[in-house]
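Engineer: One structure coming up, written as structure tokens, with questions to follow.
Residue numbers (our numbering): 2 to 1026.
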């Protein structure tokens, strides 16, 4: 097989060296061989290139090499004006045929040999296949009288048991003396149909089959959720109804057929997809929700003046008027794609109809493809000589991938075990270090499962994942293929362990991380296998996230709570609203709430085929301004009226007396009249009552005497100093007394001395004081005694002092209504020993207490240099409910990292006296240069279903794609990023002078990226994160 690529913008001559072949822009092959008469001869082949084509073109020829060939010469020849270019000359010498070898006695196939490998077969005396060996991998087959009882490959065994009707009833994988598990199959009573399957964990799926039609009527999964199937008279499925057992909710799919039994309408989640056909069963139109989505036209061909219809699409026109056109060659290969009359892509093929050249006509990119004899891709090269090369091992597995892009080169080797066929490791070099990703299989494991994956970087770093597997702990086995635990190690030391739990449908329900980090994730699913709840616990992050759906399966809301607090207001909530027309799965708007407050709404508009053409953000509330909300709480206090003295004597001047609320006394304070040394001073004070306390002071000395003016005339000498006495006398009759202070020995009474007289009036009733109105929580009502304490009800009597113990309830409208909303009354009474009393009316307002509410900003921004102070931060918030406007508030969780920029979440908590709590999320942006701004308007431009332009608040994003719809470039505000692709994988990403290049393993999983010369490796968990 010989071939080459060529390109010329020239005019070749028609003759050279006197020979006129007309092929002087050509590929020539000359074979020197021995002829039958032992002479030496030459056989020549000529492949002309088309001189009228200015682009790259390809020529290839398959030549049988004679048995006695001495030399094969390949000549690339051009003669003429201008310049011709030749590239990618190909020369294959391999076995192009497939050989078969048979047993001559019975005709059994013994061996098949081709360029891709060799497959051989062995048989027993009954001519049953006992082994199949393909490229060194052997499958052994053991038979019993009723069929195969064992398959074995690489020492992994599958054993089968049969029922009396020769039907498989159990399958056992592994070795029952080591690691094993089994699954089983149940049948109907007549053994005609399967009616159940049971896995290793005992999870059973049941089937209900219609014995008349052999069609499945119902499937019941291990959670007892059911799916029902209905059919028409021709056996076509016309309805599928899934029913959730717990709630009874259902999801229905309806199908309809035309008279030719072709699927015509299908209604899924309330949306109808309508298909139209022509007489040749070709789909000509598709409608979604009654709206034209796409119309298809087909190519007709003329042969011998007759027109024939084909199944090749000639045009594909969308309802937005974008129309794709398709052109084919004589071999029905697609050679050109256009959009609205403009050519987009073109293709060229070799004699085996393999793609040899692909051109992106708008981006002026050309890619050339070459293959080995087995038809495997060997090299892809573009017009700038960027290339990807492949090689394969003896088993046909990809052995290496080598790409070069603008001077960047990376070659990756993929190594398979040549005896077992199992993948061993990936190998490549980063600088002077070898990188290996090694897959270890325990040779003692009878199921040959992966036991450990090691990423070895150089000689100093080994990052590994060690696997253990779930044990069913029942009669069905002692292990399974479900991962139970993964130990993540660094240089052999366990850093983190991931443990997994599953439900009956084998969905992951719990992931627990222990070790260097302690985290847990719990997942709950509904009967339709949709995630409805996540419970997340991290070191500085505790959340519960719930998901709700409508009857069509559209997601309605995502709510984020502080963990397990799902009865409270969500910290964050996203609400999805859908168009209520025929296209019911089309999002009309998305509403975002933070702490129960509507913050913003994004409104979507679409073109005729469902492409988003605009998103407009309507700001509802300012995230950074606290909501001015006050919870009022009114308290009324009993007025402290002055006690009016009874039976005042003439001359009594009330203005001279001051009532002391603390002691309950009335005080008179005056100065002592001046007197000389040894003289007596006399003065009169009008006393309205009795129980008098007299205090006096001469300079700094003070004494006190309690006097009852209702007794007879009484005189007392009060001590002053340790030896001196001051005569003190009280004269007069009840209700009117005078105080006379006797001689002051050896001391001048000065104006700075004072006299204080105190009295209480027995003729006043006791007084009840306290709050006149109390709030009561009907969910946790107060007792009367608790209300007395809360209202701070006190009773005081002028003569008897504290009489609070004498407080009694004389009317109670509260107790029988204490759990009813409303205002109810309690009346109290207190009586002194003289028979005088006071009454107090107390209102109790019964309310259903509301949860605490935190009021403050939902979001704030600050520069990195400002730092973070918790006290200052909390000053921006307050917490209230309908009982108290000053509840306790605290910062209970924060992932903020000091001296680091980024977006952080802070959780505040408020609680009341009844144990009610609420939580509040605050988003803190710490920026270096300036805070980010959210886009307010977005517009989209499409070609068919491809987004080619996205404008966000005036910033223009433009995108280009290859023929597979994979993005090849983006341009943001004039800055271009280009992608060098391998299929759907990005190998190199180039933005102006910055280049990032990536490395993948044999399955296409990313291993590492190189950014600015540094290699970054990816370590993923089982979910791929």
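Glycine included, C-beta positions come from ideal geometry on N, C-alpha and C.
None of the values given here were measured: they were computed from a predicted structure.
In the DSSP output, which residue or residues are listed as bridge partners for residue 865?
Structural biologist: Checking the DSSP bridge columns, you'll see residue 865 has no partner listed.
Engineer: What are the start and end residues of the beta strand (DSSP E) that includes residue 614?
Structural biologist: 613-620
Engineer: Give the DSSP-derived three-state secondary structure of residue 761 in the structure shown.
Structural biologist: Residue placement at residue 761 is poorly supported in this model, since its pLDDT is 49, which falls under 50; the coordinates still yield a value, given next. Residue 761 falls in the strand class under three-state DSSP.
Engineer: Would you mind working out which of 274, 834, 603, 204 sits nearest residue 804, comparing C-alpha positions?
Structural biologist: 834
Engineer: Should residue 424 go down as buried or exposed, given a rule of 16 or more other Cβ atoms within 10 Å for buried?
Structural biologist: buried
Engineer: Count the other CB atoms within 10 Å of the CB of residue 63; is the residue buried (16 or more) or exposed (fewer)?
Structural biologist: exposed
Engineer: Along the chain, where does the beta strand (DSSP E) that runs through residue 494 open and close?
Structural biologist: 494-503
Engineer: Sort out for me which residues DSSP pairs residue 938 with in a bridge.
Structural biologist: 617
Engineer: Do residue 203 and residue 196 have their C-beta atoms within less than 8 Å of each other?
Structural biologist: no
Engineer: My output table needs one value for residue 244: the three-state DSSP class, helix, strand or coil.
Structural biologist: strand
Engineer: Give the secondary structure of residue 785 by DSSP, where H, G and I count as helix, E and B as strand, and everything else as coil.
Structural biologist: Looking at residue 785 - three-state DSSP - the assignment turns out to be helix.
Engineer: Helix, strand or coil for residue 1029? Go by DSSP, reduced to three states.
Structural biologist: The displayed coordinates of the chain run from 2 to 1026. Any statement about residue 1029 would go beyond what the structure contains.
Engineer: What are the partner residues of residue 552, as DSSP defines its beta bridges?
Structural biologist: According to DSSP, residue 552 bridges with nothing at all.
Engineer: Looking only at DSSP bridge pairs, what is residue 1023 linked to?
Structural biologist: Beta-bridge partners assigned by DSSP to residue 1023: none are found.
Engineer: Out of 164, 31, 10, 326, state which residue places its alpha-carbon closest to the alpha-carbon of residue 84.
Structural biologist: 10
Engineer: Less than 8 Å between the beta carbons of residue 58 and residue 4, yes or no?
Structural biologist: no
Engineer: Going by alpha carbons, who is nearest to residue 113 out of 106, 124, 127, 133?
Structural biologist: 133
Engineer: Where DSSP assigns a beta bridge to residue 317, which residues make up the other side?
Structural biologist: Beta-bridge pairing by DSSP links residue 317 to 297, 325.
Engineer: Could you please give me the residues that DSSP links to residue 943 through a beta bridge?
Structural biologist: 948
Engineer: Classify residue 793 as buried or exposed, calling it buried when 16 or more other Cβ atoms lie within 10 Å of its own Cβ.
Structural biologist: exposed
Engineer: Where DSSP assigns a beta bridge to residue 7, which residues make up the other side?
Structural biologist: 58, 87
Engineer: Rank 75, 418, 458 by C-alpha distance to the C-alpha of residue 434 and give the top, closest one.
Structural biologist: Nearest to residue 434 by alpha-carbon distance, out of 75, 418, 458, is 458.
Engineer: Return the first residue and the last residue of the alpha helix (DSSP H) that residue 423 is part of.
Structural biologist: Looking at the DSSP string, residue 423 is not in any alpha helix (DSSP H), and its letter there is neither H nor E.
Engineer: Would residue 246 pass as a contact of residue 226 if the rule is Cβ separation under 8 Å?
Structural biologist: yes
Engineer: Do the segment 563-579 and the segment 531-545 meet, that is, are 3 or more Cβ pairs less than 8 Å apart?
Structural biologist: With a cut-off of 8 Å, the segment 531-545 and the segment 563-579 count as touching, because enough Cβ pairs lie within range.
Engineer: Here's a check: name, in chain order, each residue in its chain whose Cβ is nearer than 6 Å to the Cβ of residue 637, leaving out the five neighbours to either side.
Structural biologist: At residue 637 the pLDDT is 34, less than 50, meaning the model places this residue with poor confidence and gives no usable figure here.
Engineer: Taking all protein chains shown into account, do 16 or more other C-beta atoms lie within 10 angstroms of the C-beta of residue 528, making it buried, or fewer, making it exposed?
Structural biologist: Buried.
Engineer: Hey, how far is the Cα of residue 543 from the Cα of residue 406?
Structural biologist: So the alpha carbons of these two residues sit roughly 46 Å apart.
Engineer: Okay, do the segment 436-454 and the segment 170-180 touch, 3+ Cβ pairs below 8 Å being the bar?
Structural biologist: yes
Engineer: Quick test of your reading: residue 321 and residue 981, contact by CB under 8 Å. State the CB separation rounded to the nearest angstrom.
Structural biologist: So it is not a contact: roughly 31 Å between Cβ atoms.
Engineer: Does the Cβ of residue 256 have 16 or more other Cβ atoms within 10 Å, making it buried, or fewer, making it exposed?
Structural biologist: Burial call: buried.
Engineer: Can you list, in chain order, the residues of its chain whose CB lies under 8 Å from that of residue 284, leaving out five sequence neighbours each side?
Structural biologist: If we look at residue 284 and ignore the five residues flanking it on each side, its Cβ neighbours are 276, 277, 278, 297.
Engineer: Which of the three DSSP states, helix, strand or coil, is assigned to residue 773?
Structural biologist: coil
Engineer: Which one of 422, 98, 280 has the shortest CA to CA distance from residue 263?
Structural biologist: 280
Engineer: Is the distance from the Cβ of residue 521 to the Cβ of residue 510 below 8 Å?
Structural biologist: no
Engineer: Please confirm whether any heavy atom of the ligand PLP lies closer than 7 Å to the CB of residue 302.
Structural biologist: This structure lacks the ligand PLP; in fact it carries no ligand of any kind.
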